[in-house]
Amino acid sequence: MSFTADRLLLFGATGDLAQRMLMPSLCALDADDLLNPDLRIVATARSELDDGSFRNFAREALEKYLPAERRGGMANFLNRLSYQQLDATTLDGFPDLARKLGSTDNGLAIFLSTAPSLFEPTIKGLQHAGLDGENVRMCLEKPLGTDLESSCEINDAVAQCFSEDRIFRIDHYLGKETVQNLLALRFANILFEPIWNSNYIEHVQVTVGETVGLEGRVAFYDDAGALRDMVQNHMLQLVALLAMEPPTSFDATAVRDEKVKVLRALREVASTETVTGQYRAGAIAGQAVPGYDEELGKESTTETFVAIKGHVDNWRWKGVPFYLRTGKRMPERVTEIVVQFRSVPHSIFAEMGATMQPNRLVIGIQPEENITLNLTAKVPGLGQDGIRLRSVPLNIAMPDAFVGQHRRIAYERLLLDLIEGDQTLFVRRDEVEAQWQWVDAIRDVWDKEEQAPKTYTAGTWGPSAAIALAERDGVSWHE
Ligand code: BG6
67 MSFTADRLLL FGATGDLAQR MLMPSLCALD ADDLLNPDLR IVATARSELD
117 DGSFRNFARE ALEKYLPAER RGGMANFLNR LSYQQLDATT LDGFPDLARK
167 LGSTDNGLAI FLSTAPSLFE PTIKGLQHAG LDGENVRMCL EKPLGTDLES
217 SCEINDAVAQ CFSEDRIFRI DHYLGKETVQ NLLALRFANI LFEPIWNSNY
267 IEHVQVTVGE TVGLEGRVAF YDDAGALRDM VQNHMLQLVA LLAMEPPTSF
317 DATAVRDEKV KVLRALREVA STETVTGQYR AGAIAGQAVP GYDEELGKES
367 TTETFVAIKG HVDNWRWKGV PFYLRTGKRM PERVTEIVVQ FRSVPHSIFA
417 EMGATMQPNR LVIGIQPEEN ITLNLTAKVP GLGQDGIRLR SVPLNIAMPD
467 AFVGQHRRIA YERLLLDLIE GDQTLFVRRD EVEAQWQWVD AIRDVWDKEE
517 QAPKTYTAGT WGPSAAIALA ERDGVSWHE
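Per our numbering, residue 67 is the first one in the sequence shown, and the count goes up by one each step.
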């Protein structure tokens, strides 16, 4: 349904996500005149605040997390905000919340960023107060369950009030500029699509390395682990975008139809195709950092690192391994995709003693946003003792190619799409379920084989077994 909502209701408005991402994103959109002038934002949480004290709270968050040059519209933005205290576990406060919102005839967008245990009571409360009509959209932030079963329970509860075309499931990686650029790279250039298959691609690597550790999210992270926290959502979305067939249009149904086919084609992973790890004390950028068990205050078998050799079982990707790895306390923060092409079928230079590297495409998603295509070129010279070839990078740094454009926060795009009703960059229920199905099968194998994570020193790229996982196939992780 296409309408631009003029009410935004934020649950969990005093939480970490609201402070770091939601307030800064909304304020930045406002500064660029991208918000509906009539948009009013009602914030709600358990804390006893009034409009004035919430605005002060929001101002502090903006001063902390939004760069000064993007805070131009702060006063205007703060005026849009009001606050209603709410205990979402009972129905009592919801009618007052509805009164605070005023008329929602022109559309209401709800952003639920609370503990999953509050999802169901919140939905009941919204229903009780009549805030579930056809012109209401519901946006959900992860974690949406811990396995397929619990995710289905949440989805069922939401589906009782909201039809799928009104449910917006966030995967914030889809809001990242360079992730969206994957689609432009693949489908706006004639160059790649003809060779984007197992005839020409030897393997794919996806790395999401983080230098941070637990960051105070002790209870959440120890129950989740790297597989559920990063692979189930962000990394599988990257794989889906990389591997999907060309959609017929850039439309929510067309794009998501193609992604879900990839997710359903993921092959079940054998235990020999995964490696898990947990960090021990070490150093990152010269700073000593404690081990996971020390940060947690107890021993645990939760994985803070996982490497997987996956396969997409379809015609296009037959026999092409997708090596995925992600971990906390890695040596650097980096998200990148490597597409390794095959060697040329016959080298006319071999007799002349020349060796050459097959082409490789590296897509840097963060912190550097760049695209590097390694080509083979002749080293200048007369070549009397044979021709020499070398791999040289064709390098596009996105910020240099688009000087003067903001590097936007992923949530800016997603919040705007929520308000305006575009679901293309949100995850559909069937995608989430296919993701859980694959991940649950991996966990089952770990449980069955009582596989405990291997240790690795903080500041390294995970346990040595992760290196061996790729090297067994003659592949080195790109570093
Ligand atoms: C979140 C995970 O979804 O993504 C965190 O829960 C992780 O553990 C974060 O740190 C990474 O996001 P980004 O945008 O910093 O790569």
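C-beta: ideal position from N, C-alpha, C; glycine also. As the structure is a prediction and not an experimental result, all values here were calculated from the model.
Straight-line measurement puts the Cα of Arg495 at about 36 angstroms from the Cα of Glu126.
Between the ligand BG6 and Asp295, a heavy atom-to-CB distance of less than 7 angstroms is present.
Closest in C-alpha terms to Ser413, from the list Val405, Met422, Gln406, comes Met422. Taking 8 angstroms as the cut-off, the beta carbon of Gln517 is found no closer than this to the beta carbon of Thr338. In the DSSP assignment, the residues bridged to Arg456 are Ala443. Listed in chain order, the beta strand (DSSP E) elements of length 3 or more contained wholly in the region 70-142 are 73-77, 106-111. Annotation for His238 indicates a beta carbon within 7 angstroms of some heavy atom of the ligand BG6. For Gln517, the shortest separation between its Cβ and any heavy atom of the ligand BG6 does not lie below 7 angstroms. DSSP, reduced to helix, strand and coil, places His377 outside both helices and strands of the structure shown, so it counts as coil.
In this structure, Leu197 sits away from Asp506, with a CB-CB distance that is not shorter than 8 angstroms. DSSP places Asn172 outside both helix and strand once states are collapsed to three, so it counts as coil. With respect to Ala373, Gly528 sits close: the two C-beta atoms are nearer than 8 angstroms. Positions of the beta strand (DSSP E) runs, each at least 3 residues long and wholly inside the region 243-299, are given as 267-275 in order along the chain. Of the other Cβ atoms in all chains shown, 16 or more fall within 10 Å of the Cβ of Gly430; this residue is therefore buried. In this structure, the C-beta of Gln85 stays at least 7 angstroms away from each heavy atom of the ligand BG6.
Counting of Cβ neighbours within 10 angstroms places Trp504 among the buried residues, the total reaching 16 or more. Only residues of its own chain outside the window of five on either side were considered, and among them Gln271, Thr273, Tyr389, Arg391, Trp527, Ala532, Ile533, Ala536 have a CB closer than 8 angstroms to the CB of Trp543, listed in chain order.
In this structure, DSSP gives Cys205 an extended state, which the three-state scheme calls strand. According to the DSSP assignment, Lys520 belongs to the beta strand (DSSP E) that extends over 520-523. The ligand BG6 has a heavy atom closer than 7 angstroms to the beta-carbon of Val278.
Taking the Cα of Ala306 as reference, the smallest distance to any Cα among Glu486, Ala285, Gly376, Val284 is reached at Gly376. Straight-line measurement puts the Cα of Leu75 at about 16 angstroms from the Cα of His194.
When only Cα atoms are considered, Met89 and Arg408 end up about 46 angstroms apart. In the three-state DSSP reduction, Asn436 falls in the strand class (E or B). The beta carbon of Thr180 sits closer than 8 angstroms to those of Phe77, Gly78, Gly81, Ala154, Thr188, all from its chain and outside the five residues before and after it, given in chain order. Residue state for Glu537 is assigned as helix, using DSSP reduced to three classes.
Taken through DSSP and simplified to helix, strand or coil, Phe388 comes out as strand. Taking all protein chains in view, the Cβ of Asn299 is crowded by 16 or more other Cβ atoms within 10 Å, so the residue is classified as buried. The residue from Gln344, Thr368, Trp502, Ala290 with its alpha-carbon nearest to that of Val326 is Trp502. Between the alpha carbons of Leu240 and Gln246 lies a distance of about 7 angstroms. Around the beta carbon of Ala476, a 10 Å sphere encloses 16 or more other beta carbons of the protein chains shown; the residue is thus reported as buried. With a cut-off of 7 angstroms, the C-beta of Thr212 is classified as distant from the ligand BG6, since no heavy atom of the ligand falls inside that distance.
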